[in-house]
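Each remark here refers to the structure printed beneath this line.
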Amino acid sequence: MPTMNMLQAINNALDIAMAEDERVICFGEDVGVFGGVFRATSHLQERYGKARCFNTPLVEQGIIGFANGLAAQGSVPVAEIQFADYIFPAFDQIVNETAKFRFRSGDLFNVGGLTIRTPYGGGISGGLYHSQSPEAYFAHTPGLKVVVPRNPYQAKGLLLASIRDPDPVLFFEPKRLYRASTGEVPEDDYQLPIGEAEVIKEGSDITLLGWGAQMEIIDRAVELAEKAGISCEVIDLRSILPWDEDTVVESVLKTGRLLISHEAPRTGGFAGEIAATIQERCFLYLESPIARVTGLDTPFPLTLEKEYLPDHLKVYEAIRASVEF
Amino acid sequence: MTTTEDVHALAFMTGDEFHIPTYRLLRQDGSLFEGADVPDLDQDQEKALRLYRAMLVTRVLDERMMAAQRQGRLSFYMQCTGEEAAVVGATAALDDADMIMAQYREQGALVYRGFTYDEFMNQLFGNELDYGKGRQMPIHYGSRKLHYMTISSPLATQIPQATGYAYGQKLAGEGHCTITFFGEGAASEGDFHAALNMAAVHEVPVIFFCRNNGYAISTPAHEQFAADGIAPRAFGYRMHVIRVDGNDVLAVYRATQAARTIAVEKNQPVLIEAMTYRLAAHSSSDDPSGYRSRKEEDAWREKDPILRMRRWLSGKGWWSDDEEKELQESLRREVLETMKRAEKRPPPPLDSLVTDVYADVTPALQRQLDALKQHIRRYPDDYPKGALSLDPGVRAEDVADKPADDDRGGA
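Printed below as a string of structure tokens:
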């Protein structure tokens, strides 16, 4: 089995999807001959022609509006937004159009073929506008699916599933891990399920929940916690919307404690939704308050990035506080 | 592609260099202008009458349904009045399988393609037969079989979607194009710019059809843009463009027909600006007397596009006053009958609240629906429409908002 980094895995998934189905079309800013500013679409134009992999003008609302129309026509667009920070000009097209297309037409029309790929997250000295994690804005939008992979194997399997899913999917790629995360990835076609969390590690004292690049931070915190004799159960949520309540509930009923960690700011972050749901469904089993280790409620800073981020030490301290509550 | 030549004397350009004339074929008295190029419609009585009938059906529908809204039988309505020639004329110039992505004032396009009064009414009343399952406000029509994309309220969002849809049609290679209708107000949205630029860059078979009717709700066109309307913007995108008299059905038809040829044969987009006037209020929630004069409206009533076409048809001996009277009366009867039918039909089932959000109902949504059903069973009288589908024994008549048997619709 070949070793790939996350970009290679994504590129490989796009290659497979385009080879299999000529309706799959990739476009966005700089994705054409250049292959994308991160090279996720390398060689696709060369292989599948300019009609199926091309640069668009620099206009995010246009990219997604175009993608919505193309998907409604029956094509399978995979649109790229260069950074998740720049998805907001397309917010109206995504929230009012993409998400509501099937519902409002009574299923006469849909844009289920659409996948929107976009790099997200901090840790790369990206400052305010190359670091954001906007998943919670979209989690408040019925009709969308929101998916975040944590490693190359997941990125390929979840991206292929997203492209073939009957609903529109927002696919957030942790850019800090694009080249940093490597692993064995099957060359063959495979898919991982959307809407299902994955229990990565079983434990008995506390449940740790995260997604995307934050899973690596959680893993480092777990190493410290296990040395201190705390048994951690680790869950990768994988899909923010719809999210897998049952897997998290089952885990918390067993451990009695829950810590959720994400890079995005705390207030209105998706951890709040999870915490409220678990409190409703596991009330009598909780032995300590549900902990949230998140970014601060500030814009994402440049110089003090390390201080801002919910790193492994902050997660570790929160684990201890929860267990010792 | 940018090309430029050097100059060495300072000179700004202001945009005043661009003037676009208005293409007109038909005078208000129904005669053709001297030297007017005559469209094939001039030799096609069947098609001309199909077109005229669609304009009249639209007019009668609009007048009756606005009256029904005033009676409280309908929550909301919007008329196409004054713009029938622009909308129906353009639609008649297309292939019936070309995609139409409209704004909301284009019911005439649906009429031309054969959407029935029953289909209109089911949407307006949001009953169980509405294709949209009663989810959207009245006038948000859609028809897959007639290639008419479901309307949504956010302005201009359909314009870049039309570019994308047409790009897919180009790849499919079946010789179809997309037309997108929008008002001059919607053209101020960023989506307009995105759509036209992408269409020109990617050589897409799409027709951008702007209904410049002078007003966006209360905002007059001169507060919408400083330039000479919408048409000159096409130069900035290097796009074919024409301005037509929107109340002249022959000019609209001929221009759209030529635009379609450019789109389908050359894979190039075209912008058409139809100059017209919104004769009715913006919607049933609007009163235009607060922002424009009766005199101005009357001047435009004189330019009624339906009257102009009727005179042309009469001049050719294709239409008589008797035929006009008979058709109008039968259409009015038909509207009232279909309205009564639609009003009495039951609402969509409760389950339709959670279907079509996704292709499949998610477990979380199913839980929410189950909880709602339990709640409604406890308070069935407080949720009569929802309770109906939980208990099919309840008769539809008992839950219809306004049982209506009278004919006070006005005309």
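These protein sequence lines are chains A and B, in that order. Per full-length UniProt numbering, the very first residue in the first sequence carries number 1; after that it's consecutive. Per full-length UniProt numbering, the very first residue in the second sequence carries number 1; after that it's consecutive. Glycine is no exception: its CB is placed at the ideal position from the N, C-alpha and C atoms. Note that the structure is predicted; figures quoted are calculated from it, not measured.
Pairwise C-alpha distance: residue j and residue i
i, j, result
"D370(B)", "T362(B)", "12 Å"
"Q82(A)", "F125(B)", "44 Å"
"G62(A)", "N110(A)", "18 Å"
"T14(B)", "V270(B)", "24 Å"
"L253(A)", "A276(A)", "15 Å"
"F12(B)", "D321(B)", "57 Å"
"S314(B)", "Y77(B)", "32 Å"
"E323(B)", "A54(B)", "15 Å"
"V59(A)", "R59(B)", "39 Å"
"V249(B)", "E83(B)", "10 Å"
"L279(B)", "I274(A)", "53 Å"
"S389(B)", "E245(A)", "29 Å"
"A396(B)", "E196(A)", "Note on A396(B): pLDDT 48, under 50, position unreliable in the model; the coordinate value appears next. Distance between the alpha carbons of A396(B) and E196(A): 42 Å."
"D188(A)", "R47(A)", "18 Å"
"K402(B)", "Q73(A)", "Note on K402(B): pLDDT 43, under 50, position unreliable in the model; the coordinate value appears next. Each residue's Cα considered, the two are about 39 Å apart."
"Y148(B)", "T56(A)", "27 Å"
"I100(B)", "N267(B)", "17 Å"
"L177(A)", "Q8(A)", "12 Å"
"R254(B)", "F27(A)", "36 Å"
"F225(B)", "Q366(B)", "49 Å"
Any C-beta of chain A under 9 Å from that of residue i
i, result
"G175(B)", "no"
"Q374(B)", "no"
"M78(B)", "no"
"Y341(B)", "Correcting the residue type first, residue 341(B) is Arg in the shown sequence and not Tyr. So, not an interface residue."
"L171(B)", "yes"
"R345(B)", "no"
"R144(B)", "yes"
Status (buried if at least 16 other CB within 10 Å, exposed otherwise) for residue i
i, result
"T157(B)", "buried"
"residue 422(B)", "Any answer about residue 422(B) is impossible in this case: the structure gives chain B only from 1 up to 411."
"G69(A)", "buried"
"residue 335(A)", "Given that chain A is displayed from residue 1 to residue 325, the structure contains no residue 335(A) and the question cannot be resolved."
"Y379(B)", "exposed"
"G410(B)", "Any reading at G410(B) needs caution, since the residue's pLDDT is 34, under 50, leaving its predicted position unreliable; the model's value is listed next. So G410(B) counts as exposed."
"G173(B)", "exposed"
"A84(A)", "buried"
"T116(B)", "exposed"
"L10(B)", "exposed"
"P21(B)", "exposed"
C-beta neighbour in chain B for residue i, strict 9 Å
i, result
"A271(A)", "no"
"T115(A)", "no"
"F138(A)", "no"
"E135(A)", "no"
"A318(A)", "no"
"F265(A)", "Here the sequence assigns Pro to residue 265(A), which means Phe is not the residue at that position. Output row for P265(A): interface = no."
"E173(A)", "no"
"S105(A)", "yes"
"A13(A)", "no"
"P193(A)", "no"
"F38(A)", "no"
"G28(A)", "no"
Nearest to residue i (by Cα), restricted to the options the options
i, options, result
"Q45(B)", "Y383(B), G190(B) and K316(B)", "K316(B)"
"H43(A)", "I64(A), A19(A), P57(A) and V59(A)", "A19(A)"
"L224(A)", "L258(A), D311(A), Q93(A) and L284(A)", "D311(A)"
"P168(A)", "K344(B), V357(B) and Q366(B)", "V357(B)"
"L158(A)", "G143(A), A136(A), A180(A) and V185(A)", "V185(A)"
"R341(B)", "Q28(B), M66(B), D130(B) and M99(B)", "D130(B)"
"G212(A)", "S261(A), F283(A) and F34(A)", "S261(A)"
"A17(A)", "S162(A), P119(A) and P149(A)", "S162(A)"
"G164(B)", "A199(B), A251(B), N122(B) and G132(B)", "A199(B)"
For residue i, the first and last residue of its enclosing beta strand (DSSP E)
i, result
"H140(A)", "Where H140(A) is concerned, there is no enclosing beta strand (DSSP E), given that its DSSP letter is neither H nor E."
"P265(A)", "L258 to P265"
"M4(A)", "T3 to N5"
"G183(A)", "T182 to E184"
"D246(A)", "Where D246(A) is concerned, there is no enclosing beta strand (DSSP E), although the alpha helix (DSSP H) it sits in stretches over E245 to T255."
"L170(A)", "V169 to P174"
"T115(A)", "T115 to Y120"
"M101(B)", "M99 to M101"
Terminal residues of the alpha helix (DSSP H) in which residue i lies
i, result
"K170(B)", "Q158 to A172"
"E273(B)", "First-last for E273(B): V270 to M275, but that is the beta strand (DSSP E), not the alpha helix (DSSP H)."
"Y117(B)", "Y117 to F125"
"T178(B)", "Counting along the chain, T178(B) falls outside any alpha helix (DSSP H), though it belongs to the beta strand (DSSP E) covering T178 to G183."
"H193(B)", "G190 to V201"
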